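Notes to accompany the following structure.
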Amino acid sequence: MKKTKMLAIVLAVAVMLLGAGYAWWQDAINISGTVDTGKVDVQFINRKNAVKAYPDPYMSAQASIPSGSNNKTLRITIDNLYPGAKAGFDFGIVNNSTMKVKLKDVEVKFVEGQNSNRDLFEK
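Structure, rendered in structure tokens:
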């Protein structure tokens with residue numbers, strides 16, 4: 000009986016030491032942080048005569064910044080466009096971003112059903 004008690008005590012101490020050793024090696028570290036990458040805010044300038052169209056005498060052209068677009072859209076409308084015709088547009092862009100930006104691509108959307116002459120632009 001003495002051996003059984005001694006074995007039970009040794010086993011209990013061993014389990015406690017095993018738990019203490021596990022707890023000692025079990026450690027955690029919590030890291031938290033905030034990253035602010037800046038903002039991108041590029042707008043077309045909407046000042047008097049800032050957006051101008053220079054069409055030829057046979058066609059009409061308009062360039063405008065639609066209201067409600069937060070100066071993020073430039074709408075160019077050309078009527079009576081014909082092969083070989085040219086039109087020029089002057090407009091300003093302002094960079095209100097916290098970083099440098101570079102114009103990489105221009106998206107052209109055609110209005111369907113209004114004789115859009117899409118085939119003049121697609122190659």
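Counting in numbering that gives the first Met the number 0, the final residue of the sequence shown is number 122, and the numbers go up one at a time with none missing. Glycine included, every Cβ here is placed at the ideal spot set by N, Cα and C. Computed from a predicted structure; not experimentally measured.
Residues near Asn70 in its chain [Cβ-Cβ closer than 7 Å; skip 5 each side]: Position 71 of the sequence shown, counted from the start, is the residue given in the question as residue 70. Excluding positions up to five away in sequence, the list reads Gln42, Phe43, Asn45, Ile64.
Backbone secondary structure at Ala60 - three-state DSSP: The count along the sequence shown starts at 1 and reaches residue 60 at position 61. Strand at Ala60.
Host beta strand (DSSP E) of Ile92 (start-end): Residue numbering aside, residue 92 sits at position 93 when the sequence shown is read from its first letter. Element bounds for Ile92: 92-94.
DSSP state of Ile44 mapped onto helix, strand, coil: Numbered from 1 along the sequence shown, position 45 holds the residue referred to as residue 44. Looking at Ile44 - three-state DSSP - the assignment turns out to be coil, as it is neither helix nor strand.
Simplified DSSP assignment, three categories, for Thr33: As a first step, residue 33 must be located in the sequence shown, where it is residue number 34. Coil, per DSSP.
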